[in-house]
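Some notes on the structure that comes next.
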Amino acid sequence: MNDMWPRWDETRDHLGNDPGRVTDARAELEAEIAAYRLAEIRKGQHRTQAELADEIGVSQRRVSEIESADISRAEVRTVSRYIEALGGTMRLVAEFPGRSVELR
Numbered sequence: 007m008n009d010m011w012p013r014w015d016e017t018r019d020h021l022g023n024d025p026g027r028v029t030d031a032r033a034e035l036e037a038e039i040a041a042y043r044l045a046e047i048r049k050g051q052h053r054t055q056a057e058l059a060d061e062i063g064v065s066q067r068r069v070s071e072i073e074s075a076d077i078s079r080a081e082v083r084t085v086s087r088y089i090e091a092l093g094g095t096m097r098l099v100a101e102f103p104g105r106s107v108e109l110r
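First residue of the sequence shown: 7, per this note's numbering; consecutive thereafter.
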């Protein structure tokens with residue numbers, strides 16, 4: 007065996023099975039998938055990030071950030087305008103145990 011590379015069982019034990027870490031990774035992956043889908047909708051309409059940015063009054067960089075899963079820093083209003091400019095509507099829902107509240 008090559009001593010240069012760690013063994014899988016040692017690596018696995020080092021990483022552990024932290025449920026919080028799994029939840030965070032899943033949320034990050036879901037955000038990346040959503041961002042990818044938004045970008046695909048824009049591209050399907052043959053529109054550039056710059057064109058969409060001009061339409062909704064933000065920088066091209068902000069559109070790029072939204073499409074790169076960096077949506078957590080974006081204002082709800084900005085994301086809503088982005089979605090509406092593509093012909094969609096946005097719903098904002100707060101989830102609680104046994105109850106949901108639609109905010110928009």
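Ideal Cβ placement from N, Cα and C applies to all residues, glycine included.
A quick note: this is a predicted structure, and the numbers were derived from the prediction, not measured.
The C-beta of R68 has 16 or more other C-beta atoms within 10 Å across all chains shown, which makes the residue buried. Going by DSSP, V82 is part of no beta strand (DSSP E) but of the alpha helix (DSSP H) stretching over V82 to A91. Here the alpha carbons of V28 and D19 stand approximately 15 angstroms from one another. With a cut-off of 8 angstroms on Cβ pairs, the stretch 68-81 is in contact with the stretch 30-43, counting three or more such pairs. The beta carbons of I62 and R32 sit no closer together than 8 angstroms.
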